[in-house]
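Asker: Quick note on numbering: the numbering used here labels position 15 of the sequence shown as 15, and the sequence is numbered without any gaps.
Beta carbons: idealized from backbone N, C-alpha and C, even for Gly.
Input: one structure, supplied below.
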Amino acid sequence: MTPATLIGFSAILMWSLLALFSSLSGAVPPFLLCAFSFAIATLVGLVATGRRKPDATPARIPLMAWIVGIGGLFGYHFFYFSAVRSAPVIEANLINYLWPLLIVLGSALMPGEGLRWHHIVGALLGLLGTVLIVSDGGRFAFDAQYFAGYGLGVLAALTWASYSLISRRFAAVPTRMVTWYCAAAAVLSLVCHLALEQTVMPADAIQWLAVLGMGLMPVGGAFFVWDYGVKHGNIQVLGAASYAAPLLSTLLLIAFGIDTLTVPIAIACLLITAGAALASKDMIVPKPKPAPAALS
Numbered sequence: 001m002t003p004a005t006l007i008g009f010s011a012i013l014m015w016s017l018l019a020l021f022s023s024l025s026g027a028v029p030p031f032l033l034c035a036f037s038f039a040i041a042t043l044v045g046l047v048a049t050g051r052r053k054p055d056a057t058p059a060r061i062p063l064m065a066w067i068v069g070i071g072g073l074f075g076y077h078f079f080y081f082s083a084v085r086s087a088p089v090i091e092a093n094l095i096n097y098l099w100p101l102l103i104v105l106g107s108a109l110m111p112g113e114g115l116r117w118h119h120i121v122g123a124l125l126g127l128l129g130t131v132l133i134v135s136d137g138g139r140f141a142f143d144a145q146y147f148a149g150y151g152l153g154v155l156a157a158l159t160w161a162s163y164s165l166i167s168r169r170f171a172a173v174p175t176r177m178v179t180w181y182c183a184a185a186a187v188l189s190l191v192c193h194l195a196l197e198q199t200v201m202p203a204d205a206i207q208w209l210a211v212l213g214m215g216l217m218p219v220g221g222a223f224f225v226w227d228y229g230v231k232h233g234n235i236q237v238l239g240a241a242s243y244a245a246p247l248l249s250t251l252l253l254i255a256f257g258i259d260t261l262t263v264p265i266a267i268a269c270l271l272i273t274a275g276a277a278l279a280s281k282d283m284i285v286p287k288p289k290p291a292p293a294a295l296s
């Protein structure tokens, strides 16, 4: 499981670039940005798998796998962007970041999975660290007037957690199918853009490069490696380790001078690192093999 888990973890590294690329993409609205990114991811998937002998044709893929794949990629982004439009970004983000914890807890319902105390505690430490980062040290206040936005945030968290968990039941579906999920998500994102947003195109080469970067990594390539990781790796470890994404994202913004280092961020760094290490205990310190029974 360790190689597949590490491949899945590379998605978390890619997601940490999302805030940086978003800040460099100018005023391009979210759904148009998703449409561009999913389209780029589709092209990358086609190029990467175009010369390989197909191990399964799209027509042979179960209908439920299509629903889960397209619903997960597009549904998550639809609910997330709708949430941050309908509620304060800090609170909406906090609710959205319940998805790693939901993955860890939900894994207990998966056949062949064992949920232990260190998985739960590790995920909770990650959640606490994320609260410190997203809320700038605990500055948030839930307001009843934004109840609908909070509900959309819950739907976003449930959608991504469900997509990650249910994908494991379709381990036989090849990861290259993510190409077609991205293609469908690109079309649906474009429809949402035309219906809900005003078109603003990237204004210069830097913004276009940021859009390209999003399609190659956080809103594109990351989905391929995440699919492989959750299907074949340690899903509890991946869930808890996902809290590293907002931390690494913040550290990148600090490195590029867009944000500043604060005490809450430093504490969050310790909490998330400790949580990820604790959740990964079984991988870091493997259980000793039982001694062979003595012959009488």
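1. Roughly how many angstroms separate the alpha carbons of residue 61 and residue 117, rounded to a whole number?
2. Cα separation between residue 210 and residue 40?
3. Relative to the C-alpha of residue 267, which residue among 281, 155, 247 and 259 is closest?
4. Rounded to whole angstroms, what is the Cα-Cα separation between residue 277 and residue 109?
5. In whole angstroms, what is the alpha-carbon distance linking residue 208 and residue 149?
6. On the three-pair Cβ rule with 8 Å, is the stretch 126 to 134 touching the stretch 78 to 97?
7. Pick helix, strand or coil for residue 76, following the three-state DSSP scheme.
8. Using alpha carbons as the reference points, say which of 133, 80 and 160 lies closest to residue 104.
9. Should residue 42 be labelled buried (16 or more other beta-carbon atoms within 10 Å of its own) or exposed?
10. Please go through the stretch 140 to 198 and give each complete alpha helix (DSSP H) segment of 4 or more residues, from N-terminal end onward.
11. Can you tell me where the alpha helix (DSSP H) holding residue 265 begins and where it ends?
12. Identify whether residue 236 lies in helix, strand or coil by the three-state DSSP scheme.
13. Contact check, residue 133 vs residue 250 under 8 Å by CB: the rounded distance?
14. For residue 98, name the three-state secondary structure that DSSP assigns.
15. Got a sec, what are the start and stop residues for the alpha helix (DSSP H) residue 10 sits in?
16. Check whether the stretch 21 to 38 and the stretch 215 to 226 are in contact - that is, three or more C-beta pairs closer than 8 Å.
17. Helix, strand or coil: how does DSSP classify residue 203 here?
18. Indicate the three-state DSSP secondary structure (helix, strand or coil) for residue 313 in the structure shown.
19. Classify residue 257: buried if its beta carbon has 16 or more other beta carbons within 10 angstroms, exposed otherwise.
20. Please report the straight-line C-alpha distance between residue 77 and residue 282, rounded to a whole angstrom.
Answerer: Based on what the coordinates show:
1. The count along the sequence shown starts at 1 and reaches residue 61 at position 61. The count along the sequence shown starts at 1 and reaches residue 117 at position 117. Rounded to whole angstroms, residue 61 to residue 117 spans 36 Å at the Cα level.
2. In the sequence shown, counting from the first residue as 1, residue 210 sits at position 210. In the sequence shown, counting from the first residue as 1, residue 40 sits at position 40. Rounded to the nearest angstrom, the gap between the Cα atoms of residue 210 and residue 40 is 12 Å.
3. What you label residue 267 is simply residue 267 of the sequence shown in a count that begins at 1. It is 247 whose Cα lies nearest to the Cα of residue 267.
4. Counted from its first residue, the sequence shown places residue 277 at position 277. Counted from its first residue, the sequence shown places residue 109 at position 109. Roughly 23 Å between the two C-alpha positions.
5. For the purposes of this step, residue 208 is identified with residue 208 of the sequence shown, where counting begins at 1. For the purposes of this step, residue 149 is identified with residue 149 of the sequence shown, where counting begins at 1. Spanning the alpha carbons of residue 208 and residue 149 requires a straight line of approximately 30 Å.
6. yes
7. Position 76 of the sequence shown, counted from the first residue, corresponds to residue 76. In the structure shown, residue 76 sits in a helix (DSSP, three-state: H, G or I).
8. Walking along the sequence shown from the start, residue 104 turns up at place 104. Residue 160 holds the alpha-carbon nearest to the alpha-carbon of residue 104 among 133, 80 and 160.
9. By 1-based counting over the sequence shown, the position of residue 42 is 42. Result: buried.
10. 147 to 167 and 178 to 196
11. Taking the sequence shown and counting its residues from 1, the one referred to as residue 265 is at position 265. First-last of the alpha helix (DSSP H) with residue 265: 263 to 279.
12. What you label residue 236 is simply residue 236 of the sequence shown in a count that begins at 1. Helix.
13. Along the sequence shown, read from residue 1 onward, the residue named residue 133 stands at position 133. Along the sequence shown, read from residue 1 onward, the residue named residue 250 stands at position 250. Yes, they are in contact, since the Cβ atoms of residue 133 and residue 250 sit about 5 Å apart, within 8 Å.
14. Stepping through the sequence shown from its first residue, residue 98 is reached at position 98. Assignment of residue 98 by DSSP, reduced to helix, strand and coil, places it in the coil class.
15. On the sequence shown, position 10 is the one that residue 10 refers to. It spans 2 to 15 - the alpha helix (DSSP H) in which residue 10 sits, taken as one unbroken run.
16. yes
17. Counting from 1 along the sequence shown, the entry for residue 203 is found at position 203. Note: residue 203 maps to coil in three-state DSSP.
18. Outside the displayed range of the chain (1 to 296) lies residue 313, so it cannot be described from this structure.
19. What you label residue 257 is simply residue 257 of the sequence shown in a count that begins at 1. Residue 257 comes out exposed.
20. Along the sequence shown, one-based indexing puts residue 77 at 77. Along the sequence shown, one-based indexing puts residue 282 at 282. For residue 77 and residue 282, the distance between alpha carbons rounds to 33 Å.
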